[in-house]
Each structure stands twice: as C-alpha cells, then as structure tokens.
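Participant: Residues in the sequence shown are numbered from 88 upward in steps of one, following my numbering. All C-beta atoms, glycine included, are put in the ideal place defined by N, C-alpha and C. Here you go, one structure.
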Amino acid sequence: MAREFTTNELIGASFGCECGRTHSTRFSRMIVEKGALEKLPGLLKELGSKKPYIICDTHTHEACGAEVFRVLAAAGQNFEKIILESPEEGDLPADELSFGRVCMAFPKDCDLVISVGAGTINDLGRYASYITGRDFILVLTAPSMDGAVSGVAPLIQNHLKITFPAHAPVALVGDLDILSKAPMKMLSAGVGDILGKYNCLTDWRLSALVNGEYHCATIEGIMRSAIDKTMQAARKLTERSEDDIRTLTEGLVLSGIAMDFAGNSRPASGAEHHISHFFEMQFLFDGIPAILHGTKVGIGTVIMLRLYNELAKMPRPDFEALKAAARAKAEKGPYLESEEFAAWKAEMQKVYRGAAPMVIALEEKAQKNAPERLLKRLESTEKHWDDILSLAKTAPASEEIEAVLEGLGAPVRPDQVGVCPHYVEEGILHCKELRDRYTILQLLWDIDMLVPMKDLLMREFA
Ligand SMILES: [Zn+2]
Ligand SMILES: [Zn+2]
88 MAREFTTNEL IGASFGCECG RTHSTRFSRM IVEKGALEKL PGLLKELGSK
138 KPYIICDTHT HEACGAEVFR VLAAAGQNFE KIILESPEEG DLPADELSFG
188 RVCMAFPKDC DLVISVGAGT INDLGRYASY ITGRDFILVL TAPSMDGAVS
238 GVAPLIQNHL KITFPAHAPV ALVGDLDILS KAPMKMLSAG VGDILGKYNC
288 LTDWRLSALV NGEYHCATIE GIMRSAIDKT MQAARKLTER SEDDIRTLTE
338 GLVLSGIAMD FAGNSRPASG AEHHISHFFE MQFLFDGIPA ILHGTKVGIG
388 TVIMLRLYNE LAKMPRPDFE ALKAAARAKA EKGPYLESEE FAAWKAEMQK
438 VYRGAAPMVI ALEEKAQKNA PERLLKRLES TEKHWDDILS LAKTAPASEE
488 IEAVLEGLGA PVRPDQVGVC PHYVEEGILH CKELRDRYTI LQLLWDIDML
538 VPMKDLLMRE FA
C-alpha cells in the first residue's frame, strides 16, 4: 500500500521511497488562497528582492497584473514591468519575437522575474529568469495546464517547439478570487490536462510490464488521488467554487512535483500528450493559431482511452507469426541500412516536414522500431498478455471522460478544434515517433494492430 500525502507535505519534500529512490522537489512555496496577491510584497522581502521585473500580456494584465502593480506600489515596492500585446485571435506565442521583447526590456538592475499569467507568459518568464540567473515567481491567472512548476520551458524556435531548461518558480502565487474568474475554456483545459493522467499512468504501468521500465507506486498514487479529486471537482466546476478551483490548481501543481520526483515527465505525459504535440506542430507549420495545451490533451486522452478500451477486449495476437516476421527482418542486416528504415524516413519527411530531422535523429539513436528491439518486446508482451489485458481494463471508459469534458463545454473530438481528419490519422500512426517513450501506440504497432485501430477510430470520428 503506497503512502498517502497531503499537497502541503509534498511541497519542498525529499524522502526515501519504497521504490528504492529518493524523491525530491525544489518547488517549495505555494500560496493559493483568497487575497494571495496581498502576500507578494512580504514574499519579495523574504526572498531579498529589491526590484522584480514583471511580465504580463494584455489579457493577464487586465485579469491580474494591474492588481499586482497596485499591491506592490501600495507597499512601496520598486518594480519594472512589460505588458506584451495579446493578439486579437488565439494566444500570444512563446516564440523568438515574444521572448526578444521580454529580453530587450529587461532592466539590468532587476533581481527577480515575476510572470503574471499561465502558459506563454509563464514559459517566457521561466526562461528569462534562467538565462539571467534570477529567481522566478509565478503569479498564476488560470489553472489551465500542468507546466506551472516545471523546470523546463517549451518555446517556439524556427516554427518548432523546443524544450529549453528553465527555472522552476521559487513560489507559486494564485489568488482564488482571480483563478475562479478564469474563462471556462481555460479551466476545462486544466481539467483535460489532469484527466490525461488516466492514460499516461496506464502507459507507464504498461511499459513497466513490457520493458521493465522503472515505476513508482507512490508517485502513481499521488497522481491517482489528484485525478480522482479533479474528477469530483470537474463535475461541478461550472459553479466555480473556491474549493474546486483549488483542487484543480493543486492537481496541476502535483503533476509538476510528480515529474520532479520521477526525474522525467513519465507520471504526467504519455501518448495523449504526444498526439497533442503532434497536432500543435502541424498547426505551427500551417500557421494556424494555437489551441490551449490542456484542450488538446483532453482530446488526446479520449482517443487513447478509446484504444485502451479496445485493447481490453482484444483477442490474443498470433505471437509466433509476429516474432517470425521480426526475426526475418532482423536477418536482412543492419536496421539503419534497411529498406524498411529508408521507407520510414521518407514517410517521416512527409509527415513531420521541418521537424523530420529531429524525429529521424531520435530514431537513429533510440532504434525503438528496430526488429531486434521489436522481437524482445514481443517476447515480453506475449509473456504478460493477460496482465496487459487486466491493466487495460483499469482504464476508464473514454465516454466517461468525454462526458466530464462536455459538461464543461470542452471539445472532445479533433474536428471540434479544427484538426482535419488527415492529421488525426497521421497523428495516431506517427505521434509515437516524437519521443523515445513506450505507450499504448507502440504496443499496438508491435502487434500489428495500430492501423486497424486507427481505421476503427477514423470510422467513429467520421
Ligand atoms: Zn518512489
Ligand atoms: Zn500537459
């Protein structure tokens, strides 16, 4: 039985775990309460900041930034600020231009960075604080995604989203008065990002079964309890009660802590995130304004849980035939020189366009699709097939997640956010190439079921 923790116990925690590792997080301060902004001057004093640099955009300035400036001015706190102009449609992109603006206005004598926002503004501030060696505080305006306390910043460089190292906030400040007024699409995006954990935690267990990947039941327990609470809260989130908004915010913070504990994003990101990234990349290439991260993750979750629901009733594959085919491929010579790899490369160039070199380099290194690796996984999959089916049965029905998201007015199908069927098809087939991370999609590919499952989903979506 895994140990149970409260959120407060986990903030700044470091402990030896039953899994044999020591888990720790540097995220040590969370002030999520009514009137939290009033605590900012005291917090800055405690951190020894004489003059913070505050970053917001037009929207977050209106929602919260103006109040931050008022509180600091009233306390006699010096500060500098930049208010980036939000575009008329969509959100401000975290790209070279936005980051350039933040840096060009960076006053040399500012000793700390404060972001007032959620996604983009948080990412810009986290990276600016990192490259200037300043501490970072996040004043959250909407609980819309789980990157709030993360130590990396996904930024767009040359139309590609690249993950840069960044400073995790030394403190997260969330005023419940402000958080509870966030637009419903941002709140439902936060819910989508958390419900995605139903899938990624199952992916994690699946990989532990098939590949013997490291797994920690304590970290999984922390995330499971956060999703269960979020499910409860989500069913009445339209009432915007402070308790429910706090539950959602804490769930997103806990995702960040769980990633720190695991040392990677495994407890918070699986195939549902990979397909979300895939859609996001295609939108970037096509110059279509971005959709909220959590909204796409919610849609990805419905897709992946649907696949788990199908897996739960799948007949046992013909492992002898699958293994024989893998052996025959392996005998043909080195994988990277094979015709199969050349064909795969050509396909990636078509599907991933400007990002293809990155995807190809990853496979050249990881070689997850190489026949030798496939054979090894097939042997393990065969051995654990019954356990795999039992695990798949633990995944919630995709309809249940759909109902919760729809109850919040959130989209649950790719076409509802403008993703065309072609990208859905390619996403299901190829988004697994974005990371060297085993998920249900790799399992289905291994047992030759990815294409039939894709066809099944496409029929449903059409
Ligand atoms: Zn552990
Ligand atoms: Zn996420």
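Which residues in the same chain have their Cβ closer than 8 Å to the Cβ of K272, if we skip the five residues on either side of it in sequence?
Facilitator: Here residue 272 corresponds to residue number 185 of the sequence shown, with the count starting at 1. The answer, listed in chain order, is L379, T382, G496, A497.
Participant: Measure the C-alpha to C-alpha separation of P404 and R322 and round it to an integer number of angstroms.
Facilitator: Taking the sequence shown and counting its residues from 1, the one referred to as residue 404 is at position 317. Taking the sequence shown and counting its residues from 1, the one referred to as residue 322 is at position 235. If I take the Cα positions, the gap works out to 39 Å.
Participant: Name, in chain order, the residues that DSSP records as bridge partners for D144.
Facilitator: Position 57 of the sequence shown holds residue 144. According to DSSP, which records beta bridges pairwise, D144 is partnered with L171.
Participant: Expressed to the nearest angstrom, what Euclidean distance is found between the alpha-carbon atoms of G494 and P230?
Facilitator: The sequence position of residue 494 within the sequence shown is 407, counting from 1. The sequence position of residue 230 within the sequence shown is 143, counting from 1. Cα-Cα distance, rounded: 18 Å.
Participant: Looking at the structure shown, is M117 part of a helix, part of a strand, or coil, going by DSSP?
Facilitator: As a working note, residue 117 is residue 30 in the sequence shown. Reduced to three states, the DSSP call for M117 is strand.
Participant: Pick out every residue whose C-beta is nearer than 7 Å to a heavy atom of ligand 2: which are they, in chain order?
Facilitator: The answer, residue by residue, is M232, D233, G234, D280, G283, A355, S356, H360, H380, G381, V384.
Participant: Would you kindly check if the distance between the Cβ of L476 and the Cβ of I515 is under 8 Å?
Facilitator: Counting from one through the sequence shown, the residue named residue 515 turns up at place 428. Counting from one through the sequence shown, the residue named residue 476 turns up at place 389. No, these two residues do not count as a Cβ contact at 8 Å.
Participant: Could you pull out every unbroken alpha helix (DSSP H) segment of at least 4 residues lying fully inside the region 252–285, listed in chain order?
Facilitator: Segments of the alpha helix (DSSP H) lying fully in the region 252–285: 263–266.
Participant: Is it buried or exposed for H361, if we count other Cβ within 10 angstroms and need 16 for buried?
Facilitator: Position 274 of the sequence shown, counted from the start, is the residue given in the question as residue 361. Buried: at least 16 other Cβ atoms inside 10 Å.
Participant: Between T305 and ligand 1, is there a pair consisting of the residue's CB and a ligand heavy atom that are separated by less than 7 Å?
Facilitator: Stepping through the sequence shown from its first residue, residue 305 is reached at position 218. Within the cutoff, so yes.
Participant: Any chance the region 384–391 sits against the region 413–432, with 3 or more Cβ pairs inside 8 Å?
Facilitator: The region 384–391 vs the region 413–432: no contact.
Participant: Spatial neighbours of L521 within its chain, please: C-beta separation below 7 Å, excluding the five flanking residues on both sides.
Facilitator: Walking along the sequence shown from the start, residue 521 turns up at place 434. Taken in chain order, the residues that qualify are H361, H364, F365, V446.
Participant: Using 8 Å as the threshold, is the C-beta distance between C197 and E149 below it?
Facilitator: Locating residue 197 in the sequence shown gives position 110, where the first residue counts as 1. Locating residue 149 in the sequence shown gives position 62, where the first residue counts as 1. It is not a contact, given that the beta carbons lie outside the stated cut-off.
Participant: Going by DSSP, what residues sit across from S101 in a beta bridge?
Facilitator: For the purposes of this step, residue 101 is identified with residue 14 of the sequence shown, where counting begins at 1. S111.
Participant: Hey, is the region 221–235 in contact with the region 271–287, meaning 3+ C-beta pairs nearer than 8 Å?
Facilitator: Enough Cβ pairs lie closer than 8 Å, so yes.
Participant: Please check the pair V384 and G279, which I expect to be a contact at CB under 8 Å, by giving their CB distance rounded to whole angstroms.
Facilitator: Within the sequence shown, the letter at position 297 stands for residue 384. Within the sequence shown, the letter at position 192 stands for residue 279. Confirmed, Cβ separation roughly 5 Å.
Participant: Roughly how many whole angstroms lie between the Cα atoms of S216 and L199?
Facilitator: If you number the sequence shown from 1, residue 216 lands on position 129. If you number the sequence shown from 1, residue 199 lands on position 112. Spanning the two alpha carbons is a distance of roughly 7 Å.
Participant: Since A240 sits in a beta bridge, which residues does DSSP pair it with?
Facilitator: Residue mapping note: residue 240 aligns to position 153 of the sequence shown, counting from 1. In the DSSP output, where bridge partners are listed per residue, A240 has F251.
Participant: Between S485 and N396, how many whole angstroms is the CB-CB distance? I'm expecting something under 8 Å.
Facilitator: For the purposes of this step, residue 485 is taken as residue 398 along the sequence shown, with counting starting at 1. For the purposes of this step, residue 396 is taken as residue 309 along the sequence shown, with counting starting at 1. Contact holds; Cβ gap of about 6 Å.
Participant: CB of R108 to nearest heavy atom of ligand 1: below 7 Å?
Facilitator: The sequence position of residue 108 within the sequence shown is 21, counting from 1. At least one heavy atom of ligand 1 is nearer than 7 Å to the Cβ of R108, so yes.
Participant: Counting along the chain, where does the alpha helix (DSSP H) carrying F565 start and finish?
Facilitator: Missing from the structure shown is residue 565; the chain here goes from 88 to 549 and no further.
Participant: Suppose the cutoff is 6 Å on Cβ atoms and the five residues either side in sequence are ignored; what does the same chain contact list for F186 look like?
Facilitator: Translated into the one-based positions of the sequence shown, residue 186 becomes position 99. Same-chain partners within the cutoff: L211.
Participant: For A160 and F348, I'd like the C-alpha separation in whole angstroms.
Facilitator: Working through the sequence shown from its first residue, we reach residue 160 at position 73. Working through the sequence shown from its first residue, we reach residue 348 at position 261. Roughly 38 Å separates the two Cα atoms.
Participant: Using a 10 Å radius around the Cβ and a threshold of 16 neighbouring Cβ atoms, would you call H246 buried or exposed?
Facilitator: By one-based count along the sequence shown, residue 246 stands at place 159. Counting Cβ neighbours within 10 Å, H246 comes out exposed, since fewer than 16 surround it.
Participant: Excluding the 5 residues preceding and the 5 following V239 in the sequence, name in chain order all residues of the same chain whose CB lies nearer than 7 Å to its CB.
Facilitator: As a working note, residue 239 is residue 152 in the sequence shown. Answer for V239: T250, F251, P252, A253, listed in chain order.
Participant: Can you tell me which residues form a DSSP beta bridge with L199?
Facilitator: For this step, residue 199 is matched to residue 112 along the sequence shown. Paired residues: P139, D222.
Participant: Using a threshold of 8 Å, state whether the C-beta atoms of E337 and T94 are closer than that.
Facilitator: For the purposes of this step, residue 337 is identified with residue 250 of the sequence shown, where counting begins at 1. For the purposes of this step, residue 94 is identified with residue 7 of the sequence shown, where counting begins at 1. Cβ atoms of E337 and T94: closer than 8 Å.
Participant: Rank L225, T219, E175, G204 by C-alpha distance to the C-alpha of L130 and give the top, closest one.
Facilitator: Start at 1 with the first residue of the sequence shown, and residue 130 comes out as number 43. Taking only the C-alpha atoms, the option nearest L130 is L225.
Participant: Consider the C-beta atom of E91 and the heavy atoms of ligand 1; say whether any pair is separated by less than 7 Å.
Facilitator: Counting from one through the sequence shown, the residue named residue 91 turns up at place 4. No - ligand 1 has no heavy atom lying nearer than 7 Å to the Cβ of E91.
Participant: Using 10 angstroms around the beta-carbon of G122, count the other beta-carbons present and answer buried if the total reaches 16, otherwise exposed.
Facilitator: Indexing the sequence shown from 1 puts residue 122 at position 35. Under this definition G122 is an exposed residue.
Participant: Give the range of the alpha helix (DSSP H) segment to which Y525 is assigned.
Facilitator: Within the sequence shown, numbered from 1, the residue matching residue 525 stands at position 438. Taken as a continuous stretch (DSSP letters only), Y525 belongs to no alpha helix (DSSP H), as it is neither H nor E.
Participant: Does chain B have any CB closer than 8 Å to the CB of L394?
Facilitator: The displayed structure is made up of one protein chain only, and chain B is not part of it.
Participant: Excluding the five sequence neighbours on either side, which residues of its own chain have a C-beta within less than 7 Å of the C-beta of R353, listed in chain order?
Facilitator: Translated into positions along the sequence shown, residue 353 becomes position 266. W291.
Participant: Please tell me whether L462 and A417 are closer than 8 Å, where the distance is taken between their beta carbons.
Facilitator: Mapped onto the sequence shown, residue 462 falls at position 375. Mapped onto the sequence shown, residue 417 falls at position 330. Against a cut-off of 8 Å, the Cβ pair of A417 and L462 comes out as a contact.
Participant: Taking the straight line between their C-alpha atoms, what separation do you get for D535 and S115?
Facilitator: Locating residue 535 in the sequence shown gives position 448, where the first residue counts as 1. Locating residue 115 in the sequence shown gives position 28, where the first residue counts as 1. Straight-line Cα distance between these residues: approximately 46 Å.
Participant: My output table needs one value for L476: the three-state DSSP class, helix, strand or coil.
Facilitator: In the sequence shown, counting from the first residue as 1, residue 476 sits at position 389. In this structure, L476 counts as helix in the three-state DSSP scheme.
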